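These notes concern the structure reproduced below.
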Amino acid sequence: MKTYRLPLLLIIFAFAFAYSASAQHLFVTNRYSDNVAVIDTSTNQVVTEIPVGSFPVRIVMTPNRLKAFVSNGHSANMSVLDTVARTNIATIPVAQGPGEEAVTPDGGRLFVVHQRGQHGLGCPVYVIDTTTYALITTVYLPGNWLKDILFTPDGRFAYVANKPRDKWT
Numbered sequence: 549m550k551t552y553r554l555p556l557l558l559i560i561f562a563f564a565f566a567y568s569a570s571a572q573h574l575f576v577t578n579r580y581s582d583n584v585a586v587i588d589t590s591t592n593q594v595v596t597e598i599p600v601g602s603f604p605v606r607i608v609m610t611p612n613r614l615k616a617f618v619s620n621g622h623s624a625n626m627s628v629l630d631t632v633a634r635t636n637i638a639t640i641p642v643a644q645g646p647g648e649e650a651v652t653p654d655g656g657r658l659f660v661v662h663q664r665g666q667h668g669l670g671c672p673v674y675v676i677d678t679t680t681y682a683l684i685t686t687v688y689l690p691g692n693w694l695k696d697i698l699f700t701p702d703g704r705f706a707y708v709a710n711k712p713r714d715k716w717t
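In our numbering, the protein residues as written are 549 to 717.
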């Protein structure tokens, strides 16, 4: 069992922060403070904290690093951050329990996986336009706990880690 703890921690750590456009600032979610800390990597000092929704769990940036999207686990929404101005510029409503997220390699779409099934439909994956913040579609996957999403380099396919409906292994 110990062999699984280290990789899991590394995955969680890898998705809890993102670098800004200048690559001099690190954006880190603060789950219990409901904000995103912006850290100057040349001094290792927090330069500002950006208020977001309740219990921010994940953050991802567009490929050009001008926007960041934050999954707010307890407030059923996504915060949109301007990484240059270091401000929260929009809120996107989603279902309760948004978790991991990924932006397509072309930067056009944000995929948000949820960690809870909904009314027998399965777990939703929201596909959101990164320019207008409009919901493009919702895909329901079977299972109880969608845990991660990664795209192929060309953006044609997304792989989602999922726990089966009736198994806890």
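Cβ atoms here follow ideal geometry from the backbone N, Cα and C, with glycine treated the same way. Being a predicted model, the structure only gives us computed values, none of them experimental.
With 16 other Cβ atoms within 10 Å as the buried cut-off, status of residue i
i: A650; result: buried
i: L558; result: Any reading at L558 must be qualified, since the residue scores a pLDDT of 36, below 50, and its modelled position is unreliable; the value itself is stated next. Exposed: under 16 other Cβ atoms inside 10 Å.
i: L554; result: Residue placement at L554 cannot be trusted, given a pLDDT of 35 that sits under 50; the coordinates are not used to answer.
i: E620; result: Just to set this straight, residue 620 is Asn in the shown sequence, not Glu. So N620 ends up on the buried side.
i: N592; result: exposed
Between the CA atoms of residue j and residue i - distance to the nearest angstrom
i: I637; j: M626; result: 11 Å
i: E597; j: V605; result: 15 Å
i: P690; j: V586; result: 36 Å
i: F575; j: L669; result: 34 Å
i: T685; j: Y674; result: 6 Å
i: L629; j: F699; result: 22 Å
i: D733; j: H662; result: Since the first and last residues shown for the chain are 549 and 717, residue 733 lies out of range.
i: R657; j: T678; result: 5 Å
i: P646; j: A624; result: 7 Å
i: Y580; j: I607; result: 15 Å
i: E648; j: V660; result: 6 Å
i: V642; j: C671; result: 12 Å
Where residue i falls: helix, strand or coil (DSSP)
i: G691; result: coil
i: A624; result: coil
i: D677; result: strand
i: A633; result: coil
Given residue i as reference, the closest of the options once Cα atoms are compared
i: T635; options: P641, F617 and G621; result: F617
i: D702; options: F659, P653, T577 and V608; result: P653
In the stretch 577-621, which residue ranges form an unbroken beta strand (DSSP E) of at least 3 residues, counting only runs that do not cross its ends? Qualifying beta strand (DSSP E) stretches, in chain order: 583-588, 593-599, 604-609 and 615-620.
Quick check on the DSSP output: what are the complete beta strand (DSSP E) runs of length 3 or more inside the stretch 645-669, in order along the chain? Taking only runs of at least 3 residues, the beta strand (DSSP E) segments lying wholly in the stretch 645-669 are 646-651 and 657-662.
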